[in-house]
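Notes follow the structure.
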Amino acid sequence: MSQFLITRTLSEEATDAALRADVLRGLTRRPKALPPKWFYDAHGSGLFEMITELPEYYPARAENDLLIATAPDIAAATGARTLIELGSGSSQKTAHLLDALPSLDTYIPIDVSESALTQAGHTLTRERPALNVHALIADFTTGLAIPGAPGPRLFAFLGSTIGNFPPVERAAFLYSIRALLEPGDCLLLGTDLVKDEEALVAAYDDAAGVTAAFNKNLLSVLNQSLDADFDLDAFDHVARWDPANEWVEMLLRSRTDQSVKIPAVGLTVDFAAGEDLRTGISAKFRMQGIRRELTLAGMELTRWWTAGPVYGLALAQPIDAQIITPRPYGPRRSPTDTGTS
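Okay, structure coming up:
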């Protein structure tokens with residue numbers, strides 16, 4: 007009989023302290039920037055689920071189709087008894103893996119959103135009576151303590167969320183994941199690939215304005231959590247492609263000269279007309295770059311599946327030798343499995 011357990015490893019006090027620190031650091035630097043994890047209160051999580059259904063947002067469809075096609079191969083390659091998903095959200099994209107893994111005993115979804123984890127956990131245990139779900143309310147970017155579970159384990163980091171990390175932080179994050187891997191464990195990584203600029207920008211600037219609302223929701227979070235007085239109508243949502251870094255930037259651009267008070271941190275922030283606040287990046291990848299980054303983190307790319315030139319799934323295993331210290335470096339199609347070549 008299935009069991010659903012939810013554990014909070016991220017206290018509300020720690021969350022509040024982290025938000026305050028990020029605001030003090032990010033809004034006093036130039037250029038101004040805040041990490042994208044603060045998008046995801048209950049309202050922001052709901053908006054993101056809407057984004058994944060938009061016609062412009064191809065990554066969700068491409069990854070879903072690729073998971074459907076490759077889930078049996080992933081199951082055969084990993085033999086996982088435990089699936090650990092970082093940034094699980096609604097867990098909808100993971101259903102194909104859950105159903106394909108014949109020996110699966112335990113699913114550990116990890117997310118900052120308690121509402122998303124609770125809803126997903128009840129749905130999964132109702133639909134899959136043999137599955138044990140142990141959800142963790144946690145920030146996977148600040149270190150993880152994974153509860154004991156049968157191996158081998160498959161860590162899944164999907165949605166191309168890896169692209170939200172700048173190169174230095176991405177290297178450190180992959181290194182931290184490698185430190186969690188035991189012999190026989192694997193990492194499944196979803197990666198959005200470099201492609202036409204028009205399609206890339208449209209995915210983050212939809213005609214319906216849902217992504218704009220999602221972006222501005224970060225300001226709502228600051229208003230609600232820190233008693234700030236951001237006027238959401240005084241900022242425009244901007245998405246632009248940076249070809250040098252091969253990432254899409256999400257920005258909030260001030261429409262006028264303005265000052266914003268954030269009493270909870272004793273800060274008044276001045277914005278000039280046209281000044282940008284960067285709220286996130288979404289880096290795009292090439293297979294050779296993914297292989298290099300995994301190797302630097304002490305992992306070996308063992309399988310690589312693609313849906314044409316649109317999206318890639320990387321399967322990696324820990325390298326037996328000493329872990330290498332990482333450093334930064336500057337319509338549906340049939341998937342292609344290039345193996346280890």
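Its first residue numbered 7, the sequence shown is counted upward by one per residue in the working numbering. Glycine included, every Cβ here is placed at the ideal spot set by N, Cα and C.
- Spanning the alpha carbons of Leu25 and Thr58 requires a straight line of approximately 26 Å.
- Of the candidates Pro78, Phe171, Ser231, Gly85, Phe171 places its Cα closest to the Cα of Phe291.
- Listed as beta-bridge partners of Met293 by DSSP are no residues whatsoever.
- The closest CA to that of Leu123, considering only Met293, Ala141, Glu133, is found on Ala141.
- By alpha-carbon distance to Ala303, the top candidate from Gly314, Ala322, Tyr317 is Ala322.
- A straight-line Cα-Cα distance of about 18 Å links Leu89 and Thr147.
- Residue state for Lys38 is assigned as strand, using DSSP reduced to three classes.
- When beta bridges are read from the DSSP output, Asp263 appears opposite no residue.
- Taking 3 residues as the minimum length, the beta strand (DSSP E) runs contained wholly in the segment 118-167 are 138-143, 159-163, in order along the chain.
- Burial is judged here by how many other beta carbons sit within 10 angstroms of a residue's own beta carbon; Ser97 has at least 16 and is buried.
- Between the alpha carbons of Ala279 and Asn221 lies a gap of roughly 18 Å.
- If you look at Arg309, you'll find it in the beta strand (DSSP E) that goes 305-313.
- For Leu257, same chain residues with a beta-carbon under 6 Å away, outside a window of 5 residues either side, are Val244, Asp282, Arg284 in chain order.
- In this chain, the alpha helix (DSSP H) harbouring Val216 covers 216-232.
- Beta-bridge annotation (DSSP): Ala77 is not paired with any residue.
- Taken through DSSP and simplified to helix, strand or coil, Val244 comes out as strand.
- Contact holds between the segment 185-198 and the segment 160-167, because three or more Cβ pairs, one in each stretch, are under 8 Å apart.
- The Cβ atoms of Ala136 and Ser109 do not sit closer than 9 Å to each other.
- The Cβ atoms of Glu91 and Ile114 sit closer than 9 Å to each other.
- DSSP links Gly196 through a beta bridge to Leu319.
- The C-beta of Asp191 has 16 or more other C-beta atoms within 10 Å across all chains shown, which makes the residue buried.
- In the three-state reduction of the DSSP assignment, Phe10 falls in the strand class.
- DSSP places Ile90 within a strand segment (E or B) once states are collapsed to three.
- In this structure, DSSP gives Leu16 a state outside helix and strand, which the three-state scheme calls coil.
- Per DSSP, the continuous beta strand (DSSP E) segment holding Leu273 begins and ends at 273-277.
- Under the three-pair Cβ rule at 8 Å, the segment 53-67 does not count as touching the segment 173-185.
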